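Presented below is the structure to which this report refers.
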Amino acid sequence: MNPPPRWFGNRPLPRPEEDLEDQGLSFDVGTLIERRKVLAGVGVGTLAFALAACSPTGSKGTASSSTAAEIPDETAGPYPGDGSNGPDVLEQSGIVRSDIRSSFGTSTTTAEGIEMTLELKIVDMANNNQPFAGVAVYVWHCDRSGEYSMYSSGLEDENYLRGVQVADADGMVRYTSIFPACYAGRWPHIHFEVYPDTDSITDHTTAIATSQVALPQETCTAVYATTGYEQSVKNMQGVSLDSDNVFGEDSGAAQMATVTGNTGSGFTARLTVNVDTNTEPAGGGAPGGMPSGNAPAMPDGQRPGNAPTAPAPSGS
Numbered sequence: 011m012n013p014p015p016r017w018f019g020n021r022p023l024p025r026p027e028e029d030l031e032d033q034g035l036s037f038d039v040g041t042l043i044e045r046r047k048v049l050a051g052v053g054v055g056t057l058a059f060a061l062a063a064c065s066p067t068g069s070k071g072t073a074s075s076s077t078a079a080e081i082p083d084e085t086a087g088p089y090p091g092d093g094s095n096g097p098d099v100l101e102q103s104g105i106v107r108s109d110i111r112s113s114f115g116t117s118t119t120t121a122e123g124i125e126m127t128l129e130l131k132i133v134d135m136a137n138n139n140q141p142f143a144g145v146a147v148y149v150w151h152c153d154r155s156g157e158y159s160m161y162s163s164g165l166e167d168e169n170y171l172r173g174v175q176v177a178d179a180d181g182m183v184r185y186t187s188i189f190p191a192c193y194a195g196r197w198p199h200i201h202f203e204v205y206p207d208t209d210s211i212t213d214h215t216t217a218i219a220t221s222q223v224a225l226p227q228e229t230c231t232a233v234y235a236t237t238g239y240e241q242s243v244k245n246m247q248g249v250s251l252d253s254d255n256v257f258g259e260d261s262g263a264a265q266m267a268t269v270t271g272n273t274g275s276g277f278t279a280r281l282t283v284n285v286d287t288n289t290e291p292a293g294g295g296a297p298g299g300m301p302s303g304n305a306p307a308m309p310d311g312q313r314p315g316n317a318p319t320a321p322a323p324s325g326s
């Protein structure tokens with residue numbers, strides 16, 4: 011059994027069963043880079059002092075100084091379920107939950123696929139990079155067939171793989187889900203919106219950040235080699251991070267999740283999400299001028315999961 015994850019600042023320890031000083035050279039170098047500004051200020055540059063400064067007081071979720079950029083603003087895509095393009099799951103009782111694999115309300119259908127835990131650490135850049143406690147984070151993604159609940163044919167009455175969590179004191183939100191498929195025209199991804207609080211989630215215009223999580227190719231390849239993900243193998247052959255209409259600008263550098271685990275026990279995907287409330291949100295909304303309130307039509311009536319030769323709507 012793998013040991014439970016442990017964190018130092020916003021970074022997972024590569025050897026969670028070992029003490030902080032036994033995490034390896036790569037971890038130590040990363041720590042030194044984070045502390046370089048502090049060391050420059052006090053005029054100390056020795057390795058010993060740097061490691062001493064990185065004491066274990068920075069436990070899981072503790073904020074650390076960060077020079078990372080704000081999470082890129084992205085479209086919510088054509089299947090948001092937030093009321094900006096047709097149905098609104100955020101108005102439904104039961105949307106605040108950690109396990110999003112099953113529908114709630116009138117259906118209890120469970121999405122099949124390899125289990126995936128998603129952990130997002132929300133950082134408040136406008137507050138000296140402190141954990142953004144209390145924000146509400148809405149997450150949604152496609153199922154194993156590349157289809158979206160509430161939109162795809164036959165799934166209009168389902169709302170699985172959608173859910174809201176409220177960030178704890180460490181700025182963390184966690185979801186139990188399944189690994190999403192790759193459908194035609196898009197790199198495998200997960201959508202999310204960050205709201206100031208739970209009272210705001212019923213109005214999509216109040217989101218302070220809208221973005222997407224990219225999933226690493228090595229993990230996708232392993233997952234898509236398993237039963238149920240066969241179509242994703244073919245779809246992956248037609249996309250790349252560089253050509254993706256969302257991640258292509260920088261190959262998803264700021265949105266690429268760190269993933270651990272395997273196809274037997276499941277995976278954990280982690281991403282730090284830096285949010286700057288001093289900037290005007292530029293994401294969200296129906297993509298490509300698509301009229302709000304209308305679900306998008308796929309070419310020839312195809313669904314995203316079974317149309318390997320049809321391009322996905324922009325930003326989907």
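Using the working numbering, the first residue of the sequence shown is number 11, and each one after it goes up by one.
By construction, the Cβ of each residue, glycine as well, lies at the ideal position given by its N, Cα and C atoms.
Please read these numbers as outputs of a predicted model, since none were measured by experiment.
Asked	Found
Within this structure, are the beta carbons of V204 and T229 separated by less than 8 Å?	no
Using the DSSP secondary-structure output, state which residues sit across from P141 in a beta bridge.	V133
Mind listing, in chain order, the continuous beta strand (DSSP E) runs of no fewer than 3 residues lying wholly within the stretch 153-178?	172-176
Assuming V174 contacts H199 under a Cβ cut-off of 8 Å, what Cβ separation, rounded to an integer in Å, is found between them?	Not really, about 19 Å apart at Cβ, beyond 8 Å.
Rank T237, K244, E157 by C-alpha distance to the C-alpha of S326 and give the top, closest one.	E157
Between the stretch 86-96 and the stretch 234-254, do at least 3 Cβ pairs fall closer than 8 Å?	no
Mark D254 as exposed unless 16 or more other C-beta atoms lie within 10 angstroms of its C-beta, in which case mark it buried.	buried
Please classify N284: does DSSP put it in a helix, a strand, or coil?	strand
On the premise that I81 lies in contact with Q227, defined as a C-beta separation below 8 Å, what is that separation, rounded to the nearest angstrom?	Wrong, their Cβ atoms sit about 21 Å apart, outside the cutoff.
Could you spell out where the beta strand (DSSP E) holding S112 opens and where it closes?	No beta strand (DSSP E) holds S112; DSSP gives it neither H nor E.
For a quick check, are the C-beta atoms of A121 and G144 less than 8 Å apart?	no
Can you tell me which residues form a DSSP beta bridge with L128?	Y185, A279
Taking DSSP as the reference, what is the three-state secondary structure of T229?	helix
Run the CB neighbour count on T220, radius 10 Å, all protein chains shown included, and call it buried at 16 or more, exposed below.	buried
Pull the bridge partners of V249 from the DSSP assignment, please.	For V249, which the question treats as bridged, DSSP gives no partner whatsoever.
Below 7 Å CB to CB, which residues in the same chain sit around P206 once its five sequence neighbours on both sides are set aside?	V145, T216, I218
Alpha carbon to alpha carbon, what distance is there between Q102 and N169?	10 Å
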